[in-house]
Amino acid sequence: VGFSLGGTIALALADRRPDLVGALGLACCGVASRPEGVAATEAMLERAARLGAVAFAEEQAEAIWSGSWRRANRAAVAAFVARRSAMDQAVLTKVFRAGYGIDLTAALGRVAVPALVIAAADDRFVSVERMAAIAAALPDGRMETIAASGHMVMHEAPAPFDAALAGFLAEAWPPPSRAAAPARGTA
């Protein structure tokens, strides 16, 4: 299971080492960098340099969570701002740029395991439509959309997120090729 950039990494793993993946979960992620996404990220990073670490962290909090969740969870948002603004901003900039040049679109058709794609209805970074296209391109893909949630879906809506993932894994795991295999170290 991978979330955001971690979803992109999980897809790359499923493509490059299918022997290690029995089921795949992708949440709020992209599969290819786009010129407009790179331009938006660069504009964001320019704002970050002008704003400073605290104001940039506050801006990010506005973007990653839905307004209703932010208002109801002010302490969690404040803790995020404190953590994010304390990070090494040069490293954070590198993380934001880490996805540039990636295109795993073709990999979607090669994923030979059941896959769950989770979208957040109010995600400002990855639209439900983009997530639906990812699910449609996976040979055994299915999609769940979590209502009233922003990009940080697992924080905003943990019960629906966990239920979607648990339901998927109850059906998809263990994969048939591993169901009869003994656990590691028991044979």
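Start counting the sequence shown at 52; every next residue gets the next number (this note's numbering).
Beta carbons: idealized from backbone N, C-alpha and C, even for Gly.
None of these values were measured; they are calculated from a predicted model.
Rounded to the nearest angstrom, the gap between the Cα atoms of GLU110 and GLY160 is 36 Å.
Taking C-beta atoms as the reference points, LEU167 and ARG193 count as a pair closer than 9 Å. If you ignore the 5 residues before and after SER200, its C-beta comes within less than 7 Å of the C-beta of SER117, ALA171, ALA172, ASP173, GLU207 and ALA208, all in its own chain and listed in chain order.
Annotation: TYR151 to VAL89 spans about 7 Å, alpha carbon to alpha carbon. A distance of 9 Å or more separates the beta carbons of ALA61 and GLY81.
If you look at ALA171, you'll find it in the beta strand (DSSP E) that goes 166-171. Judged by their CB atoms, VAL142 and ALA112 are not nearer to each other than the 9 Å cut-off. Listed in chain order, the beta strand (DSSP E) elements of length 3 or more contained wholly in the stretch 183-218 are 192-197.
When DSSP reads this structure, PHE54 sits in a beta bridge with ALA78. Inclusion of VAL177 and SER55 in the CB contact set at 9 Å is warranted, their separation being smaller than that value. In chain order, VAL132, ARG135 and SER136 place their CB closer than 6 Å to the CB of ALA108, counting only its own chain and leaving out the 5 sequence neighbours on each side. For the pair ALA100 and ALA129, the Cα-to-Cα distance works out to about 21 Å. In the three-state reduction of the DSSP assignment, ALA61 falls in the helix class, which pools H, G and I. Closest option to ALA114, judged by alpha-carbon separation, among GLY58, MET203, PHE212 and LEU96: MET203.
THR59 sits away from ILE197, with the two beta carbons spaced by 9 Å or more. For GLY53, the number of other beta carbons within 10 angstroms of its own is at least 16, and it is reported as buried. Residue pairing of ASP154 in beta bridges, as defined by DSSP: ALA83.
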